[in-house]
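Structure, as structure tokens:
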Amino acid sequence: MPALDSTLQSIYDLVLRRNPGEDEFHQAVREVLDSLGPVMAKHPQYADARVIERICEPERQIIFRVPWTDDRGRIEIHRGFRVEFNSALGPYKGGLRFHPSVYLGIVKFLGFEQIFKNALTGLPIGGGKGGSDFDPKGRSDGEVMRFCQSFMTELYRHLGEYTDVPAGDIGVGGREIGYLFGQYKRITNRYESGVLTGKGLGWGGSPVRKEATGYGAVFFTDEMLRTRGQSLDGRTVVVSGSGNVAIYAVEKAQQLGATVVAVSDSGGYVVDEKGIDLELLKEVKEQRRERVSAYADALGERARHVAGGSIWDVPCEVALPCATQNELDEAAARALVANGCLAVAEGANMPTTPAAAKLFGEAGVLFGPGKAANAGGVATSALEMQQNASRDSWTHEYTEERLGEIMRGIHERCAAAAEEYGAPGNYVLGANASAFIQVADAMLAFGVI
Ligand code: NDP
């Protein structure tokens, strides 16, 4: 990692001291601080007002008990979180993650990233994130419903369309959002559609929300390639993960003429040189909720499943990490570069380790950081809020057009800030600088709060 100047280093030291053991949060803060040297040099007012120190401290952190009863009648107890990180630009906005690895450090890393991602969309949304160490995998619908009801029985008092608006993330899809919204409605006796996003199309959801993060990541990749006179058409693509983000990244990449040759889950990856059969993938993952190995089982000779191993060993020109944090390390980055990879865009949050990102920079690989490349999901959530507020619903075509415009806007903002702060083509620096300035200016306007 490059050295920080003394002011930024002392801020980072304070973050380490105040948040012991929260490695992912430290990593996310460090990545932003690494970009802010030139911004602070040009705008001393931010240091005077201690804006960075304030941004690094969440406005509110809620931790609560989630007791529920499983199908055998046994009482289970999980831990729920909501970190309301920053509301300078709008109500707290960010998803809920249900995964056994969830603890405060994960929620804080995600909430911190979300502040900047949401600013980049240009829409009026602040940053927050939540979740639980509950694992929906292998649970019956009834168990998932009872867990969601118990979770919302505490969370509801902190939410509101002008206060805090959660959505999905890992382990929280349409089914979970349905149970959460149902319980919110029941407890409050209010059909407050704008309090949760990612809702079903028939009850307040937005067209394209389900597809938005994956589609957006592919639109962002296409914009990056265009700066070099290239496109996705005819390219070989590898997408990690096989959840919500991954599936729709595959769909849009295919629509733009690419061949996606591999996808994965936590058990391994499948390679299908002919190109992933999307209908089959959706059936396996969305309907049957099975492991990705079932995709290879269904295709016999055509596809192979590799248990464990690294999906990044599969040669490709474009890599889209869409599974989870720190899934693409330095060794993986070396393999991608050696195989001639041109572009990497993060569909997931912080999937690339700092050493891997550095290597991409040195090798001239286009690199789109998650807070820019995967912002299409939250942007479309904000479009869902707009439709809810005006009691309207838009067409699929119009919503996708808006998403495309927003992703182009994000790309432009990142590219312009990278140029302005002396690092043309560095989307990490551009995203951090542009988003930070927007949030910091609003915070300055509000005084010391
Ligand atoms: P899903 O739960 O739908 O899918 C997650 C996928 O990632 C699954 O294939 C899962 O495999 C895999 N995965 C999860 N944890 C691990 C792990 N430790 N090792 C390997 N694979 C893993 O989640 P989403 O698609 O919604 O989210 C994926 C990423 O995108 C996350 O980083 C999320 O924060 C980010 N994101 C999501 C947005 C959204 O709109 N949903 C918006 C912006 C970012 P398995 O089933 O085996 O666990």
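First residue of the sequence shown? That's 47 in the numbering used here, and the numbers climb one at a time after it.
Here a beta-carbon is modelled for each residue, glycine too, at the ideal position from N, C-alpha and C.
Please read all numbers here as calculations on a predicted model, not as lab measurements.
Is residue i near the ligand NDP, in the sense that its beta carbon is under 7 Å from a heavy atom of that ligand?
{"i": "Ser356", "result": "no"}
{"i": "Cys368", "result": "yes"}
{"i": "Val291", "result": "yes"}
{"i": "Ser288", "result": "yes"}
{"i": "Gly393", "result": "yes"}
{"i": "Leu242", "result": "no"}
{"i": "Asp51", "result": "no"}
{"i": "Ser252", "result": "no"}
{"i": "Gln371", "result": "yes"}
{"i": "Thr259", "result": "yes"}
{"i": "Gly410", "result": "no"}
{"i": "Asp311", "result": "yes"}
{"i": "Asn420", "result": "yes"}
{"i": "Gly423", "result": "yes"}
{"i": "Leu499", "result": "Missing from the structure shown is residue 499; the chain here goes from 47 to 495 and no further."}
{"i": "Gly246", "result": "no"}
{"i": "Gly141", "result": "yes"}
{"i": "Leu156", "result": "yes"}
{"i": "Gly219", "result": "yes"}
Given residue i, which residues of its chain have a CB within under 8 Å of its CB, disregarding the five upstream and five downstream residues?
{"i": "Glu238", "result": "Gly206, Glu207, Tyr230 and Lys231"}
{"i": "Gln91", "result": "Leu490"}
{"i": "Asn290", "result": "Gly214, Gly219, Lys256, Thr259 and Gly260"}
{"i": "Glu99", "result": "Ile57 and Leu60"}
{"i": "Leu278", "result": "Val264, Thr267, Asp268, Leu271, Ala299, Leu302, Gly303, Ala304 and Val364"}
Buried or exposed: where does residue i fall if 16 or more other Cβ atoms within 10 Å of its Cβ makes it buried?
{"i": "Gln484", "result": "buried"}
{"i": "Glu458", "result": "exposed"}
{"i": "Ile223", "result": "buried"}
{"i": "Lys88", "result": "exposed"}
{"i": "Lys183", "result": "exposed"}
{"i": "Val218", "result": "buried"}
{"i": "Pro66", "result": "exposed"}
{"i": "Met47", "result": "exposed"}
{"i": "Pro146", "result": "exposed"}
{"i": "Ser436", "result": "exposed"}
{"i": "Asn434", "result": "buried"}
{"i": "Val494", "result": "exposed"}
Per DSSP, what are the beta-bridge partners of residue i in this structure?
{"i": "Asn132", "result": "Gly173"}
{"i": "Arg143", "result": "Gly177"}
{"i": "Tyr58", "result": "Paired residues: none, contrary to the question."}
{"i": "His351", "result": "Val316"}
{"i": "Asp215", "result": "Val218"}
{"i": "Val283", "result": "Val306 and Val364"}
{"i": "Asp311", "result": "Gly314"}
{"i": "Thr267", "result": "DSSP, once it has assigned bridges, lists no residue as partnering Thr267."}
{"i": "Val112", "result": "His124"}
{"i": "Thr398", "result": "Leu374"}
Excluding sequence positions up to five away, which residues of its chain have a Cβ less than 7 Å from the Cβ of residue i?
{"i": "Lys320", "result": "Arg348"}
{"i": "Glu336", "result": "Val330"}
{"i": "Ala389", "result": "Thr267, Met270, Leu271, Val364, Val411 and Leu412"}
{"i": "Leu475", "result": "Ser81, Ala464, Tyr467 and Ala469"}
{"i": "Gly157", "result": "Pro104, Val129, Phe131, Gly140, Gly173, Gly174 and Lys175"}
{"i": "Val153", "result": "Phe127, Val129, Lys175, Gly176 and Gly177"}
{"i": "Phe406", "result": "Ala379, Val390 and Phe413"}
{"i": "Asn478", "result": "Val78, Ser81, Leu82 and Phe162"}
{"i": "Gln107", "result": "Val129"}
{"i": "Ala342", "result": "Val316, Ala349, Arg350 and His351"}
{"i": "Ala74", "result": "Phe155, Phe158, Glu159 and Met396"}
Excluding the 5 residues flanking residue i on each side, which residues of the same chain have their C-beta closer than 6 Å to its C-beta?
{"i": "Arg125", "result": "Asp179"}
{"i": "Gly313", "result": "Arg337"}
{"i": "Ser339", "result": "His351"}
{"i": "Tyr315", "result": "Ala308, Val352 and Ile357"}
Just to check, is the beta-carbon of residue i closer than 7 Å to a non-hydrogen atom of the ligand NAP?
{"i": "Ile216", "result": "The model on display carries the ligand NDP but not the ligand NAP."}
For residue i, decide whether its Cβ has a neighbour in chain C, counting only Cβ atoms nearer than 8 Å.
{"i": "Leu449", "result": "Absence of chain C from the displayed structure is noted, only one protein chain being present."}
inquiry  = Does the region 169 to 189 come into contact with the region 134 to 154, if we say contact requires no fewer than three beta-carbon pairs (one atom in each stretch) closer than 8 Å?
reply    = yes
query = Do the region 150 to 167 and the region 186 to 193 touch if we need at least three Cβ pairs shorter than 8 Å?
reply = no
task = State whether the region 255 to 265 contacts the region 298 to 312, with contact taken as three or more CB pairs (one from each stretch) at a distance under 8 Å.
result = yes
ask   = So does the region 389 to 405 actually touch the region 372 to 379, counting three or more Cβ pairs closer than 8 Å?
value = yes
key: Segment contact flag, the region 437 to 451 with the region 247 to 254, C-beta cutoff 8 Å, min 3 pairs   = yes
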